[in-house]
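*Asks:*
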Amino acid sequence: MSIFCFCNRKGKTPRRLPPKKASNSQKDPVGVYCRVRPLGAEDEECCIEVISNTTIQLHAPDGLKANRNGEFKETQYSFKKVFGIKTTQGELFEDVAKPLVEDIIHCKNGLLFTYGVTGSGKTHTMTGSPGQGGLLPRSLDMIFNSIGPYQAKRYVFKPDDKNGMEVQNQVDALLDRQKRDSQTTVPKTPTTRRIDPEFADMISPEEACKADGVDEDSSYSVFVSYIEIYNNYIYDLLEETPIDPIKPKPPQSKILREDQNHNMYVAGCTEVEVKSTEEAFEVFWRGQKKRRIANTQLNRESSRSHSVFIIKLAQAPLDADGDNVLQDKNQVNVSQLCLVDLAGSERTSRTRAEGSRLREAGNINQSLMTLRTCIEVLRENQMCGTNKMVPYRDSKVTHLFKNYFDGEGKVRMVVCVNPKADDYEETLLVMRFAEMTQEVEVARPVDRPICGFAAGRRQRNQAFKEELTRRLEERGGPLDGESPTVLNQLLQSFPPLPPCEISGPNDDVTLPRLIEALEKRHKIRQMMIEEYNKTANMLKSVLQEQDSNLLSKENFIQEQRGKLGEKDKMLQNQKNEIDRLEKKSKMLEYKIDILQKTTNIYEEDKRSLQHELESREQRLQREMSEKRRMEARMQGIVTDSKLKWEKECERRVNAKQLEMQNKLWVKDEKLKQLKAIVTEGKTENRQPQRPSREKDKVPAKRSASPSPVPTGPPVRPLHRRSHSAGGERWVDHKPNTNVDLDTVLQPNLPNAIKVNAPSEKALSKCDKYVLTHQEVASDGEIQTKLIKGEVFKTRGGGQAVQFTDIETLKQENPVAASRKRRSSETGPDGEPKEGDWTDVETRCSVAVEMRAGSNLGPGYQHHGYPKRRKP
Ligand code: ADP
Ligand code: MG
Numbered sequence: 010m011s012i013f014c015f016c017n018r019k020g021k022t023p024r025r026l027p028p029k030k031a032s033n034s035q036k037d038p039v040g041v042y043c044r045v046r047p048l049g050a051e052d053e054e055c056c057i058e059v060i061s062n063t064t065i066q067l068h069a070p071d072g073l074k075a076n077r078n079g080e081f082k083e084t085q086y087s088f089k090k091v092f093g094i095k096t097t098q099g100e101l102f103e104d105v106a107k108p109l110v111e112d113i114i115h116c117k118n119g120l121l122f123t124y125g126v127t128g129s130g131k132t133h134t135m136t137g138s139p140g141q142g143g144l145l146p147r148s149l150d151m152i153f154n155s156i157g158p159y160q161a162k163r164y165v166f167k168p169d170d171k172n173g174m175e176v177q178n179q180v181d182a183l184l185d186r187q188k189r190d191s192q193t194t195v196p197k198t199p200t201t202r203r204i205d206p207e208f209a210d211m212i213s214p215e216e217a218c219k220a221d222g223v224d225e226d227s228s229y230s231v232f233v234s235y236i237e238i239y240n241n242y243i244y245d246l247l248e249e250t251p252i253d254p255i256k257p258k259p260p261q262s263k264i265l266r267e268d269q270n271h272n273m274y275v276a277g278c279t280e281v282e283v284k285s286t287e288e289a290f291e292v293f294w295r296g297q298k299k300r301r302i303a304n305t306q307l308n309r310e311s312s313r314s315h316s317v318f319i320i321k322l323a324q325a326p327l328d329a330d331g332d333n334v335l336q337d338k339n340q341v342n343v344s345q346l347c348l349v350d351l352a353g354s355e356r357t358s359r360t361r362a363e364g365s366r367l368r369e370a371g372n373i374n375q376s377l378m379t380l381r382t383c384i385e386v387l388r389e390n391q392m393c394g395t396n397k398m399v400p401y402r403d404s405k406v407t408h409l410f411k412n413y414f415d416g417e418g419k420v421r422m423v424v425c426v427n428p429k430a431d432d433y434e435e436t437l438l439v440m441r442f443a444e445m446t447q448e449v450e451v452a453r454p455v456d457r458p459i460c461g462f463a464a465g466r467r468q469r470n471q472a473f474k475e476e477l478t479r480r481l482e483e484r485g486g487p488l489d490g491e492s493p494t495v496l497n498q499l500l501q502s503f504p505p506l507p508p509c510e511i512s513g514p515n516d517d518v519t520l521p522r523l524i525e526a527l528e529k530r531h532k533i534r535q536m537m538i539e540e541y542n543k544t545a546n547m548l549k550s551v552l553q554e555q556d557s558n559l560l561s562k563e564n565f566i567q568e569q570r571g572k573l574g575e576k577d578k579m580l581q582n583q584k585n586e587i588d589r590l591e592k593k594s595k596m597l598e599y600k601i602d603i604l605q606k607t608t609n610i611y612e613e614d615k616r617s618l619q620h621e622l623e624s625r626e627q628r629l630q631r632e633m634s635e636k637r638r639m640e641a642r643m644q645g646i647v648t649d650s651k652l653k654w655e656k657e658c659e660r661r662v663n664a665k666q667l668e669m670q671n672k673l674w675v676k677d678e679k680l681k682q683l684k685a686i687v688t689e690g691k692t693e694n695r696q697p698q699r700p701s702r703e704k705d706k707v708p709a710k711r712s713a714s715p716s717p718v719p720t721g722p723p724v725r726p727l728h729r730r731s732h733s734a735g736g737e738r739w740v741d742h743k744p745n746t747n748v749d750l751d752t753v754l755q756p757n758l759p760n761a762i763k764v765n766a767p768s769e770k771a772l773s774k775c776d777k778y779v780l781t782h783q784e785v786a787s788d789g790e791i792q793t794k795l796i797k798g799e800v801f802k803t804r805g806g807g808q809a810v811q812f813t814d815i816e817t818l819k820q821e822n823p824v825a826a827s828r829k830r831r832s833s834e835t836g837p838d839g840e841p842k843e844g845d846w847t848d849v850e851t852r853c854s855v856a857v858e859m860r861a862g863s864n865l866g867p868g869y870q871h872h873g874y875p876k877r878r879k880p
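Whatever position you read off the sequence shown (first residue = 1), add 9 for my numbering.
1. Helix, strand or coil: which one does DSSP assign to Met392?
2. Using 8 Å as the Cβ pair cut-off and three pairs as the minimum, do the region 141-151 and the region 106-113 touch?
3. Please state whether DSSP places Gly277 in a helix, a strand or coil.
4. Does the Cβ of Asp350 lie closer than 7 Å to at least one heavy atom of the ligand MG?
5. Please report how far the alpha carbon of Gln447 lies from the alpha carbon of Gln567, in whole angstroms.
6. Do Ser316 and Arg300 have their C-beta atoms closer together than 8 Å?
7. The beta strand (DSSP E) that contains Asn342, what's its start and end?
8. List the DSSP bridge partners of Leu322.
9. Starting from Asp245, trace the beta strand (DSSP E) both ways and give me its first and last residue.
10. Which parts of the region 740-773 are runs of the alpha helix (DSSP H), unbroken and 4 residues or longer, counting only runs that do not cross its ends?
11. Hey, which unbroken runs of the beta strand (DSSP E) at 3 residues or more fall wholly within the region 551-590?
12. Could you have a look at Cys218 and say whether DSSP puts it in helix, strand or coil?
13. In the DSSP assignment, what are the bridge partners of Tyr42?
14. What is the rounded straight-line gap between the Cα of Lys258 and the Cα of Ser354?
15. For Asp814, which of helix, strand or coil comes out of DSSP?
16. Between Gln141 and Gln583, what straight-line distance do the alpha-carbon atoms span, to the nearest angstrom?
17. May I have the straight-line CA-CA distance separating Ala303 from Gln297, to the nearest angstrom?
18. Using DSSP with H/G/I as helix, E/B as strand and the rest coil, what is Asn264?
19. Using a Cβ-based criterion (distance less than 7 Å to any ligand heavy atom), does Lys298 qualify as near the ligand MG?
20. Can you check whether the CB of Tyr244 is closer than 8 Å to the CB of Arg309?
21. Express the C-alpha separation of Arg441 and Cys393 in angstroms, rounding to a whole number.
22. Indicate whether the contact test is met: 3 or more Cβ pairs, each with one atom in the region 419-426 and one in the region 122-131, closer than 8 Å.
23. Going by beta carbon distance, what residues of the same chain come within less than 7 Å of Ala161, once the five residues before and after it are set aside?
24. Distance, Cα to Cα, Lys592 vs Lys263?
25. Using 10 angstroms around the beta-carbon of His531, count the other beta-carbons present and answer buried if the total reaches 16, otherwise exposed.
26. Got a list of residues with beta-carbon closer than 5 Å to any non-hydrogen atom of the ligand ADP, in chain order?
27. Which class does Asp37 belong to by DSSP, given the choice of helix, strand or coil?
28. Exposed or buried, Gln644, counting other C-beta atoms within 10 Å across all chains shown (16 or more means buried)?
29. For Glu510, write down the residues that DSSP places opposite it in a beta bridge.
30. Does DSSP put Leu780 in a helix, a strand or coil?
31. Alpha carbon to alpha carbon, what distance is there between Leu377 and Arg469?
32. Any heavy atom of the ligand MG inside 7 Å of the beta-carbon of Ser138?
33. Return yes when the Cβ of Leu667 is within less than 8 Å of the Cβ of Ala786, no when it is not.
34. Are there 16 or more other CB atoms within 10 angstroms of the CB of Tyr42, so buried, or fewer, so exposed?
35. Could you tell me which residues DSSP puts in a beta bridge with Ile113?
36. In whole angstroms, what is the alpha-carbon distance linking Lys117 and Glu389?
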């Protein structure tokens, strides 16, 4: 019994291609497909999105996003093809398993496994359910649909116990068949679909499909095995052991062996020959049942075991007659398709297992881990050219599959995923494994055509048989007891024998006639033999010719095939390169997308910052112009107040100047008067001290304060001052207190404005000013003084009077005049005189110092200083 025979190559005939490793350099990546099952409930959170027929996208569920800040929250995974929730079992089969079935019929091995978390749809995909048959029943059905008419009789092929296949002779096969028929326990091949209801209607007849190019000159036989790997033990699910319901015997585990071609197989594993889909289903179902019972009895969980269903197809050429299978073991070709439903790929923590369960789960995981490691090492070896040891032996599953990865065959994996968010983390691990697996390459199985005999033997044989039957029927069918052989037919074509009943020993009539007839027959026979030989020779030469033709054609075909292979190789390489580039470009597109998004965000930021900058600039501009306006205003205020203060200063300076001039003038005047008195006194009293005092005083004064009047020293002949220029205008100031005098000498002021109190208005219109001042002189007479001055415009816009002259009008009693005068002037009481001067001086100075609004009484008012104009 053998389980893992990849190709029976014992004693290859020269017609076959040389063994795998020497010839086969073409490799194909493991075909990884993804199937997404529908959500269990509509309200479940979904974490998978099918975004194209080759790509899915994983979304981290909300709860998980927080602690995955470093990674992309969305990851894409590409597959050879992605099957969405609406994919039917038939569609999946069409893409995934049909090519593998075609391969097995053309002598190539295949391995198909489903991988995924428990509940993701592995069993649904592999086995299916009534009305929705999975890949396994569909594969079986396609095989039988294809080889149906060319199947060998049961027991013609017989597995040896070393993973090989023998051809039994007709008699042994017949005996075995008879033995089987007599065993009532083994059901006969059902002619109708008499099968377990649980397995009924897996495939509807209209879905049936068939492989093309089946070699009709071969005979076929299908063998199935079904094993389970649980806790790293291998169990044969088809082993016929009586089940004792009371004291169940634990199933015996099997071991792996290597055959002489270094292929791994399960030693002693049952291989059941099946002749129809239904029968194969039944065998599978038997195994399923056994598995279920064992799980229940031993309290195991089926999701933790790997189940492996092996379909082995034996084929051998028909003999030259096209009648029987060629009795040559070396001509038998065996190929197989392995259908594996792997254990759930979830981590131990999820199974919440305890005790021995935990150990089981650990082992399950260990085997999947080993599978992972093997794939990893293989990939590394292939990609980096390293030669690391792949740890196939670490687990039974990988050990069993070893030949697929380091030998040849087509390997396909269907990754099943449940899109629910709860599975997210485990699905992520599944995806990573899938991604890695796609990068592993497996040697492509080579074509091994069987070309031992001329093609079309089965058909020719059939045609000949038909022709024979037709001719026999034409002849009215064979006589009773006669076998419808060719000889019989030929005999019938000879001339009939005359009646040969001999009447006596001397029957001269009958015997010569018989002799004649026989001689005639003999002659015909000779002619026929000659004819036959001639035809045979001709045929032989024709055949030989054909043979040589065929041979050259075959050579040519071989040559072309070689070329084709090369081209194929090139094409495949290019295809792989394209695939790789496509994948890369997809990844780059994704990255570009992300970068684009980031750029958009930055641009948005930039725009908002620019906007802010602009608004700030505008604000700044506004503030600057505000500042400039303020500055201009301040400048205005400053210049205004500067001007104001300049004017004020000027005004004060002028006032001070005027005051000083006035003081000077008054002092000068005093000095003059003093001088006059002194000179007068000199002439009269000859007082020697006065002039010296005068002399001392005047120059000192002069030097200290030069008169502001440019007309010269203030002491001048009085008459010279009294002039009346026609163009001058006067302010004639006569206080109300003045008494009108009947004097002859009266001031004549033409063109004068008379005022009794000084007014600024009047002053502004005039350039001369005169104050008529009356006082009682020392002799008791009224003395009138005309104090004259010039009006100046001050810089501040006011008027100032600079006193320039005093004219004195005095009425005198001619008798007492000189005495009185003298006494008043020279009397010991110098006070009145002094008082007079003091009075004038004081008034003058007051006139200068007086400020607007001062209230100095009527005596002083006429010295009024012009009111300051308001600015
Ligand atoms: P697994 O073998 O991976 O543990 P199953 O194949 O037993 O998962 O699937 C679990 C459940 O989900 C089953 O009831 C099955 O019918 C259902 N299921 C799985 N895949 C699909 C699918 N593609 N369409 C409909 N139902 C599915
Ligand atoms: Mg399952």
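All C-beta atoms in this analysis are idealised placements derived from N, C-alpha and C, irrespective of residue type, glycine included.
*Replies:* Answer, in terms of the structure:
1. helix
2. The region 141-151 makes contact with the region 106-113: 3 or more CB pairs, one atom from each, lie closer than 8 Å.
3. coil
4. yes
5. Cα-Cα distance, rounded: 33 Å.
6. yes
7. Secondary structure note for Asn342: its beta strand (DSSP E) is the uninterrupted segment 342-350.
8. Val231, Ser344
9. 242-245
10. Listed in chain order, nothing qualifies, since the region 740-773 has no complete alpha helix (DSSP H) run of 4 or more residues.
11. none
12. coil
13. Lys90, Val423
14. 30 Å
15. strand
16. 38 Å
17. 10 Å
18. At residue 264 the sequence reads Ile, which differs from the Asn that was named. Ile264 falls in the coil class under three-state DSSP.
19. It does not: the Cβ of Lys298 is nowhere closer than 7 Å to a heavy atom of the ligand MG.
20. no
21. 20 Å
22. yes
23. Ser228, Tyr229, Ser230, Val334
24. Looking at the two C-alpha atoms, the distance is approximately 43 Å.
25. When all chains shown are included, His531 counts as exposed.
26. Residues with a Cβ closer than 5 Å to any heavy atom of the ligand ADP, in chain order: Arg46, Thr127, Gly128, Ser129, Gly130, Lys131, Thr132, His133.
27. Correct three-state label for Asp37: strand.
28. Exposed is the label assigned to Gln644, since fewer than 16 other Cβ atoms lie within 10 Å of its Cβ.
29. Answer is none; Glu510 lacks a bridge partner.
30. It is a strand residue.
31. Taking the CA atoms as reference points, Arg469 sits about 53 Å from Leu377.
32. no
33. no
34. buried
35. None; Ile113 has no bridge partner.
36. 26 Å
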